[in-house]
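Undergrad: Residue numbers (the numbering used here), protein chains in the order written: chain A, -1 to 360; chain B, -1 to 360; chain C, 3 to 398; chain D, 3 to 398. For every residue, glycine included, the Cβ atom is placed at its ideal position computed from N, Cα and C. Everything numeric in this text was worked out from a predicted model, so none of it was measured. What follows is a single structure, and I will ask about it in a moment.
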Amino acid sequence: MDLSLSDEQRLLVETVERFVADRYSGTDHSDLTKDAPFRREDWVSLAELGLMGLLRDEDMGGFGGGPIELALVAESLGRGPVPLPYWSSVVLAGALVDGQGMGAAMLEGELLVAPALLEPGARYDLGSVSTTVEEQRISGAKTVVPLAEEADCFVVSALEAGELGLYLVGRNAEGVSVRSYQTQDGVRTGEVVLEKALIESRIASGEEALHRIETGADLARIALASEAVGCMAALSGLTEEYLSTRKQFGRPLAGFQVLQHRMVEMRMAVEETRSIVLVAAREAAGSGRTEQARAVSAAKTKAGRNGRHVAEEAVQMHGGMGMTMEYPAGRYMRRLMMIETTLGDADYHAGRFSRLMAVPAA
Amino acid sequence: MDLSLSDEQRLLVETVERFVADRYSGTDHSDLTKDAPFRREDWVSLAELGLMGLLRDEDMGGFGGGPIELALVAESLGRGPVPLPYWSSVVLAGALVDGQGMGAAMLEGELLVAPALLEPGARYDLGSVSTTVEEQRISGAKTVVPLAEEADCFVVSALEAGELGLYLVGRNAEGVSVRSYQTQDGVRTGEVVLEKALIESRIASGEEALHRIETGADLARIALASEAVGCMAALSGLTEEYLSTRKQFGRPLAGFQVLQHRMVEMRMAVEETRSIVLVAAREAAGSGRTEQARAVSAAKTKAGRNGRHVAEEAVQMHGGMGMTMEYPAGRYMRRLMMIETTLGDADYHAGRFSRLMAVPAA
Amino acid sequence: MDLSYTPEEEAFRAEVRAFAIEKIPEAIRDKVRRGRHLEKADFVTAHKAFAERGWSVPGWPEELGGCDWTAVQKHIFDEELALASVPGRIPFGTNMAAPVIIEFGSEAQKERFLPPIRSGDEWWCQGFSEPGAGSDLASLTTRAVLDGDHYIINGQKTWTTLAQYADWIFCLVRTDTEVKQQEGISFILIDMKTPGITVRPIILLDGRHEVNEVFFEDVRVPVENRVGEENKGWTYAKHLLSHERTGIARVGHSKHQLGVLKQIATSEQSEGRSLIDDPYFRAKIAELEMDLMALEMTNLRVIAAADGPTPLEQAGMLKIRGTEIQQRLTELIMEAVGPAGQPYQPEALGDRWNEPTIGPDYAVPAAPTYFNWRKSSIYGGSNEIQKTIIAKVMLG
Amino acid sequence: MDLSYTPEEEAFRAEVRAFAIEKIPEAIRDKVRRGRHLEKADFVTAHKAFAERGWSVPGWPEELGGCDWTAVQKHIFDEELALASVPGRIPFGTNMAAPVIIEFGSEAQKERFLPPIRSGDEWWCQGFSEPGAGSDLASLTTRAVLDGDHYIINGQKTWTTLAQYADWIFCLVRTDTEVKQQEGISFILIDMKTPGITVRPIILLDGRHEVNEVFFEDVRVPVENRVGEENKGWTYAKHLLSHERTGIARVGHSKHQLGVLKQIATSEQSEGRSLIDDPYFRAKIAELEMDLMALEMTNLRVIAAADGPTPLEQAGMLKIRGTEIQQRLTELIMEAVGPAGQPYQPEALGDRWNEPTIGPDYAVPAAPTYFNWRKSSIYGGSNEIQKTIIAKVMLG
């Protein structure tokens, strides 16, 4: 076991941190009162840094990274926060379309793929699918699809003759309509309606489709949980800085013991979440499906519970300042809440963990 | 609505408080390293104060009180704490044997009745009964029966030809054996084994037996929850006093802001629990069974959760001192933990509340 | 002790309920029910309905238009209005400016200011907080310098709720810089139309314009607009804090929101059943309902025990538990709507929106309300400050 | 970063496991498994088995009998022993007295004291705490006055764990009252058989005799029993605090107890099914298991990042989360046994008890263990003190 970063990992982190600092620090990209445009050039920049192929083998032109590298990258993105759905159009999309010959174009950032799995009313259940395929035409509705408007194509889950499958559908295909909006954290997202839209191809079906959805979603959850760690670390740092500089009743707020202890608890929550994300990354790299799913759910649960705790404490300790759109604390809070409601919230994953938990024979 | 105590209620509280102060303050009755004898004279004193007939009508020689008076008395007993199972041999027993002509003897403290309802392995389910009656003889086992050794007779739940009934069984009847011990808080208690013991009489059967058990247990739960309030109030007071007098790093512990805020939270927990007990007492005095059961479960849940919180905080803030048998904080903690595991713990009652909760039609 | 409502109290409850349903327009109550934003006109319409019924200023002395109600009646009044989705009453005029004017103001001030507050014809806002002061109110630096029969005021107030609607602002200003902080403060009423006043919006993290910065640049205010004595303003402000606190726990509002939560949890489907039938989520609602049941009784105990000003530490407890429960409600509602809460739909929260919402109607306000209500444990003396005050009272 | 164990580490794990099972008597491990009280002989037997294997003092320098293990190996060692129900090792000699003697003691002291600590032939206890000092250790008042080549010691120590078994005690005593608190303290080793020493039991709230008061009345201790320089004792004591902290999070012990909890929850029946199948209780276990998974990784991150003394603030975090999880385990075990935890059965917790227990065997230690473990967040620097220390490091 070796817990220190390799030179390659360190370089990766520094690269992403520099990108985030250059492009996203101090900007008001998540000011909800302005409409957030999607900047394709940022997406291309991510590609230029090699982040599109992070999990792809080196001989396929990728970085050859695994879940640990994914966690490192996502945490750095979280510190922005960066309103690009890396978890969706890179991590999940990559797992869904693996081996479809779309690799090169995705790697360059030229082809933007949006997974469209969740359906309205399904809550967090990706298996609840009523979109159907008949004679190469797909019909149904998908909800909260990141970059729906901006993507070049969708990967859509649907039933064909009762069997689950994954289908590629062009954004501009006839019968595809998108209602676009920004989410509470300023990420471009949309509702997708498919009315007898012509599919481009079937990617997978049956067990294989299910497997891609499950493992892809679990990788994406690691990215989301680690992004949450980045948000939490940033909030913890902001709060420490604020309390150290801001005076009340003639002394710095950081001098008040109650706030000191609560800051310590925030910091502990950050470290705890970072640890459980590493556990999930370790399991995702090696163990069986049950162990993977269990550890990923533990990470997503902790990210949800601790994320809310840290966000609420940060805003509270900032006082009125934390309540404003202008001050960055709110951005992280909004991002954390959207992470929480993506691919299963804390209760959903606590339930999954609980079902998969090892128990003695009765 | 009138939230101030009547003169009669105030007198009642003062009477019990005086009894508790005279008999139980400063004594080490709950020192577990000594064996706690049951003092029948204390029981008789309770009777002399009129507390045996608290809930009995005045024309039956009782006090004519209701659930609110019960809560007031029990809170004062909790402040002792008093190692007499008032909830059991007065409140529950009284409800079970109501109208059986045993009133006068119980009122005087001459007849000590121990309800024996719970069976080993049944956890908190009083309806899980496998004790049986056949030809006037009763066989089975009952667990954690307060004053089993000291009682004159038991009220036992049992099945006769498949129907639930309540039966009076003499303590000294042939076939009755008791294994006596003290509980973690120093209350004399025992395991009761019945082997073809002759019953004295059948008190009730079927719906009527069930009704007596349910309403009796709910009244007893109000007593227990209110006793918990007394324990919590005492702990809160002890802690405030200790922190105000004890110095560390050159100033009173009460000067540390973290401890101040935690003391405030303790006090709030006490007030919250007192309030919910009053809600339960109000409902028990008037509403339908569902409302009663729901409010009683809310009170028992809160008593359990807040009781543990207050006890743990009190011990923690006392430091090493709170960990000793000698110092009173531990007594209240032990009593609170036994209250928690009597007639359903917080989870049990949260579950019952949840099932009975009013919800909109789907 | 008798914990049940008397027949008279039940009759009063019915009267309030009937008033709410008949006199407050359904369109307004529907907005409240659906968590939509209210406009100035909505608040004014509701206020005028109360004024017509003689119920717009129940806490005032009877001779000035108040109601001779018991504490329990006030509790019933608040609860019934909340349950009927009547908008919360804006307190700045009726419950903040007016009590100080009534207690410490001149006869001329009473005649000039009280009637339009009662009738709803003038809107007030509060000028206490300043940038950088936080809970340390007394460190304020807005200066008022006497110049003949006017004060010249320079400085800045912040977190001023709904200043964009206000006709008047009551301010704490510094009239003496040579003495102890608390001793150089005066209480002044300022016409918002006076030249030199600029109101700048602060956007909160839900994207909404609710609070403001208010700048004063050589603003001339007649000396007769000072309430009471010069440099006694801190005393008057403290009077405010101990005044009328019946509603501080906001029990009625939380009951209303608990109903909203249950309704949403009944509509939402999870794993093939209603979310409210998921034992884990249902348990969370149950624990919250128990908290609220206890809070309601604590509130009754506090307000009914002392028919008069509420002891500071008890008011603090009600504030703390009240806001904890309010915030918990916003959390559970956000959890209940799940991913449907992600789309940001500010237009759909507003007044003139007739298009279909993205996702269910009830999901629209979930996240913004959660974000917005974080303020409740910060303003009006943060919950931390409340605890410190309670500790001081407890430990003497 | 590579988070999986190497084949060498796995081999070491197997070796430790085999040792535990083969060399530590099953009777002793059975007591640990069943939450029974251990006697002095049990600890000594276990220690001697370790000593024979060369594993009794892994943290010491190799030339004195320590093991040249990596931090990960130490973690594996602790974990496997705990999972095999091997009794926790009493730290007072090996991990507290010895490191100070090794670092600051004379050659004569090393020769005299280290071998019997390593072998388990001498039992040590700690004389730091005094009545009324709490976490403010430096306020100690036990006096040592030089009288020729002896110190005359008067005063009192308290919370002295297992002093009733001890051959030696290491004490902080005041040798100079004229200087700043921390500067007048010396570190002295005292033979418990010296005349003038009285040990009085303190009974903890579970009814158990585990800690003591130790009184010193004109106790004569040879000057050569002072470690290092006079008045430098505080420095040596601080060295102790930063030493060997691999085991501070007690991950292995908590894993063991999690297994106990699950076993009990599987045995207990609730509403017609195993308690572990009750979704609500199962969820509580699940949350705790997640906490523990995270703690284990944090522990690895901390100990492996720095092969050497652990930074104070990280040690503090491990202590806080470690004790929170340990205490939570005792809570859930108490909840799991339910009413069966009510009977107080001290005899059944002891050594020579052959009668059947009241209720299931596993219920006997539930409540006493809960009560007893409240201490874990108090001793060794309370969790409050830990947070204050961490805050100081964090905020500079």
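In the region 45 to 90 of chain B, which residue ranges form an unbroken alpha helix (DSSP H) of at least 4 residues, counting only runs that do not cross its ends?
TA: Runs found: 65 to 76.
Undergrad: Look at the alpha carbon of B:VAL313 and the alpha carbon of A:GLY320, and state the distance between them as a whole number of angstroms.
TA: Whole-angstrom Cα-Cα distance: 36 Å.
Undergrad: When we look at the beta-carbon of B:MET323 and count the other beta-carbons within 10 Å, is it buried (16 or more) or exposed?
TA: So B:MET323 ends up on the buried side.
Undergrad: Find the residues of chain B that neighbour D:TYR364, judging by a C-beta separation of less than 9 Å, and give them in chain order.
TA: Result: empty, since nearest Cβ-Cβ is about 13 Å, beyond 9 Å.
Undergrad: Which one or two residues does DSSP pair with A:PRO250 in a beta bridge?
TA: Bridge partners of A:PRO250: A:LYS245.
Undergrad: Hey, B:LEU10 and B:VAL71 are a contact pair by Cβ (cut 8 Å); roughly how many whole angstroms apart?
TA: Sure, about 7 Å apart at Cβ, within 8 Å.
Undergrad: If you draw a straight line from the C-alpha of D:LEU174 to the C-alpha of B:LEU241, how long is it?
TA: Looking at the two C-alpha atoms, the distance is approximately 26 Å.
Undergrad: Between the region 228 to 238 of chain A and the region 72 to 84 of chain A, are three or more C-beta pairs nearer than 8 Å?
TA: Contact between the region 228 to 238 of chain A and the region 72 to 84 of chain A is present, because at least three Cβ pairs lie under 8 Å.
Undergrad: For a cutoff of 7 Å on Cβ pairs, would you count B:HIS365 as touching chain A?
TA: Within the shown structure, residues of chain B are numbered from -1 to 360, placing residue 365 of chain B beyond reach of any answer.
Undergrad: What would DSSP say about B:ASP0, mapped onto helix, strand or coil?
TA: Note: B:ASP0 maps to strand in three-state DSSP.
Undergrad: Closer than 8 Å is the cut-off here; do at least three beta carbon pairs connect the region 114 to 129 of chain B with the region 242 to 262 of chain B?
TA: The answer is no - the region 242 to 262 of chain B does not touch the region 114 to 129 of chain B, with fewer than three Cβ pairs under 8 Å.
Undergrad: Would you tell me roughly how many angstroms separate the C-alpha atoms of B:LYS140 and B:VAL190, rounded to the nearest one?
TA: Approximately 5 Å between the Cα atoms of the pair.
Undergrad: Would you say the region 189 to 205 of chain A touches the region 35 to 51 of chain A, given that touching needs at least three Cβ pairs under 8 Å?
TA: The answer is no - the region 35 to 51 of chain A does not touch the region 189 to 205 of chain A, with fewer than three Cβ pairs under 8 Å.
Undergrad: Let me make sure I understand the geometry here. Which of B:MET50, B:GLY204 and B:LEU116 has the alpha-carbon closest to that of B:VAL142?
TA: The shortest C-alpha separation from B:VAL142 is found at B:LEU116.
Undergrad: Any residues in the region 282 to 307 of chain B with a beta carbon nearer than 7 Å to a beta carbon of chain C? Which ones, in chain order?
TA: Those residues of the region 282 to 307 of chain B that come within reach of chain C (Cβ to Cβ, closer than 7 Å) are GLY284, ALA296, THR299 and LYS300.
Undergrad: Could you tell me if C:ASN97 is buried or exposed, where buried requires 16 or more neighbouring beta carbons within 10 angstroms of its beta carbon?
TA: Flag for C:ASN97 reads buried.
Undergrad: Which residues in the same chain have their Cβ closer than 6 Å to the Cβ of C:ARG228, if we skip the five residues on either side of it in sequence?
TA: Answer for C:ARG228: SER188 and ILE190, listed in chain order.
Undergrad: Using three-state DSSP, classify B:GLN258 as helix, strand or coil.
TA: Helix at B:GLN258.
Undergrad: Taking a cut of 7 Å between CB atoms, which residues from the region 255 to 272 of chain B lie near chain A?
TA: Cβ contacts with chain A come from GLN255, VAL256 and HIS259.
Undergrad: Which residues, in chain order, does the region 267 to 294 of chain D contribute to contact with chain A at a C-beta distance below 9 Å?
TA: Taking 9 Å as the Cβ-Cβ cut-off against chain A, the residues of the region 267 to 294 of chain D that qualify are ALA267, THR268, SER269, SER276, ILE278, ASP279, PRO281, ARG284, ALA285, ILE287, ALA288, GLU289, GLU291, MET292 and ASP293.
Undergrad: Looking at chain B, is there any beta carbon in it that lies within less than 7 Å of the beta carbon of C:VAL223?
TA: For C:VAL223, the answer is no, since every Cβ of chain B falls outside 7 Å of its Cβ.
Undergrad: For the region 338 to 362 of chain D, list every residue whose C-beta sits within 8 Å of some C-beta in chain B, in sequence order.
TA: Going along the region 338 to 362 of chain D in chain order, one finds GLY340, PRO341, ALA342, GLY343, GLN344, PRO345, TYR346, GLN347, PRO348, ILE360 and GLY361 with a Cβ nearer than 8 Å to chain B.
Undergrad: Counting only beta-carbon separations shorter than 7 Å, does D:ALA368 have a partner in chain B?
TA: D:ALA368 does not count as touching chain B.
Undergrad: Identify whether D:PHE79 lies in helix, strand or coil by the three-state DSSP scheme.
TA: Here D:PHE79 sits in helix by DSSP.
Undergrad: Is B:ASP363 close to chain C? Criterion is C-beta to C-beta, closer than 7 Å.
TA: An answer regarding residue 363 of chain B cannot be provided, because it is not within the stretch -1 to 360 covered by chain B.
Undergrad: In three-state DSSP terms, what is D:PHE21?
TA: In this structure, D:PHE21 counts as helix in the three-state DSSP scheme.
Undergrad: With the cut-off set at 7 Å, would you say D:ALA408 and D:LEU320 are in Cβ contact?
TA: The structure shown does not extend to residue 408 of chain D, since chain D is modelled only from 3 to 398, so the question has no answer here.
Undergrad: Spatial neighbours of B:THR181 within its chain, please: C-beta separation below 6 Å, excluding the five flanking residues on both sides.
TA: Counting only Cβ-Cβ distances below 6 Å, and skipping sequence neighbours, we find THR187 and MET336.
Undergrad: Give the secondary structure of D:ASN301 by DSSP, where H, G and I count as helix, E and B as strand, and everything else as coil.
TA: D:ASN301 falls in the helix class under three-state DSSP.
Undergrad: I need the DSSP call for C:PRO27, collapsed to helix, strand or coil.
TA: Here C:PRO27 sits in coil by DSSP.
Undergrad: Within its chain, find whatever has a CB closer than 8 Å to the CB of A:ARG210; leave out the 5 residues flanking it on each side and keep chain order.
TA: Cβ within range, chain order: ALA93, LEU94, ASP96, LEU164, ILE201 and ALA202.
Undergrad: Taking only three categories from DSSP, how would you classify B:LYS140?
TA: In the structure shown, B:LYS140 sits in a strand (DSSP, three-state: E or B).
Undergrad: I'd like to know if the region 342 to 351 of chain B and the region 258 to 270 of chain B are in contact, where contact means that at least 3 CB-CB pairs between them fall below 8 Å.
TA: The region 342 to 351 of chain B, when compared against the region 258 to 270 of chain B, does not touch it at the 8 Å Cβ threshold.
Undergrad: What are the complete alpha helix (DSSP H) segments, minimum 4 residues, inside the region 205 to 254 of chain D?
TA: Whole alpha helix (DSSP H) segments, 4+ residues: 235 to 244.
Undergrad: Quick one: what does DSSP say A:VAL187 is sitting in, helix, strand or coil?
TA: In the sequence as presented, Val is not what sits at residue 187 of chain A; that position holds Thr. Residue state, collapsed to three classes: strand.
Undergrad: Kindly indicate if chain D contains any beta-carbon less than 7 Å away from that of A:ARG233.
TA: Per the sequence shown, the amino acid found at residue 233 of chain A is Leu instead of Arg. No, A:LEU233 does not count as interfacial toward chain D.
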